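Numbering (my numbering), first residue to last: 73 to 430.
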């Protein structure tokens, strides 16, 4: 299961251009006018936007940065890093390093409690992926400086049956990173370089580590806005890139579909279900996201990827601007070129300035 064409890749994979192809919005069935209205609304309603990139049919049709942010400047992803860690897990599973149904304790006998609880013994890799570890609260792995983060995680009480109780849990993603490192002999950053970052042309990614030298997994990754868009495009294309199947379609489907319930409010994007370190969203979308407004939104029905970086405290409000202003921009076929609106969009995009968040 999850087999993929990583072995025997041809040299053409490494020749993938460093940038996505560019196109006018209208040639990809996108209204320049509506994109401009979205940027104006985001600039007004979101404090503060840092960057925006819109990809349709594999082509960048709009992009802008709020100065002093810039195209070549890496941006912290915060918890959007989690979706990259999930990808490393999918690749390692495909290579037979472990199974998502393996118990977590299997990998860390040296850090396990002397008498593990029944529920801790039940916790699987799958439960880490879906943040349904059975914890009532997040383990405070950073709070203990006298022992490893893995040991602190395994000591934390597990009052609920794993797999049945959603609790947002960044240390669970750290455990996924630790499992990848334990089974492959490489940090997640090292492991992903030839399997994900290099094929996609993601140059010089940086990822912070724990005191034990393990990639943080749940946060700490720095890449550019276009790298976020490429990552979303890979998932939109069901793991295929430049004619090669980097990630299995089965893994993509599992990772981006609802695996566990996390709320019931149909108006909230954080209540639509959770996959393998990806969130389900309204309007048939899925996303990775991170603190302060970092987003990789994929809308399969529209063949669209949206990459956003920001520094905002209202992430739901930020997504609301996307749904309110941008969904209407997409047509089912190419539109007549609108050079006047394209010029206005270009001018607006060159004048944006970031504001200090209040």
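Even for Gly, the Cβ is constructed at its ideal location relative to N, Cα and C.
Keep in mind that this is a model prediction, so the values were computed, not measured.
Output yes or no for whether 9 Å exceeds the beta carbon distance between residue 380 and residue 356.
No, the pair does not count as a contact, with Cβ atoms beyond the cut-off.
Cross-strand partners of residue 383 (DSSP beta bridge):
The partner list for residue 383 (beta bridge, DSSP) is empty, contrary to what the question assumes.
Which listed residue (421, 382, 199) has its alpha carbon closest to that of residue 118
Of the candidates 421, 382, 199, the one whose C-alpha sits nearest the C-alpha of residue 118 is 382.
Check residue 175 in the structure and name its three-state DSSP category.
DSSP places residue 175 within a strand segment (E or B) once states are collapsed to three.
With distances taken Cα to Cα, identify the nearest neighbour of residue 99 among 326, 134, 408.
Here the closest residue by C-alpha is 408.
On a Cα-Cα basis, can you pick out the residue from 215, 177, 279 that is closest to residue 146?
Taking the Cα of residue 146 as reference, the smallest distance to any Cα among 215, 177, 279 is reached at 279.
Assuming residue 304 and residue 260 form a contact by the criterion Cβ under 8 Å, report the distance between their Cβ atoms to the nearest whole angstrom.
Residue 260 and residue 304 do not touch by the CB rule: their CB atoms are close to 19 Å apart, not below 8 Å.
Tell me the DSSP bridge mates of residue 361?
Its beta-bridge partners are 367.
According to the Cβ coordinates, are residue 104 and residue 398 closer than 9 Å?
Between residue 104 and residue 398, the CB-CB gap reaches or exceeds 9 Å.
Own chain partners of residue 348 with C-beta closer than 7 Å, once the 5 adjacent residues on each side are dropped
Closer than 7 Å at Cβ, skipping near neighbours: 158, 201, 202, 326, 327, 331.
Residues near residue 274 in its chain [Cβ-Cβ closer than 7 Å; skip 5 each side]:
Residues of the same chain with a CB within less than 7 Å of the CB of residue 274, apart from the 5 flanking positions on each side, are 295, 299, 302 in chain order.
Same chain, Cβ closer than 6 Å to residue 192, five either side skipped, listed in chain order
Excluding sequence neighbours, residue 192 sits near 230.
Compute the Euclidean distance between the alpha carbons of residue 374 and residue 127, then round it to the nearest angstrom.
The straight-line gap from Cα to Cα measures roughly 10 Å.
Nearest to residue 263 (by Cα), restricted to the options 351, 283, 287:
Closest option to residue 263, Cα to Cα, is 287.
According to the neighbour-count rule (16 or more other Cβ atoms, all chains shown, within 10 Å of its Cβ), is residue 427 buried or exposed?
A residue is called buried once 16 or more other Cβ atoms fall within 10 Å of its Cβ, and residue 427, having fewer, is exposed.
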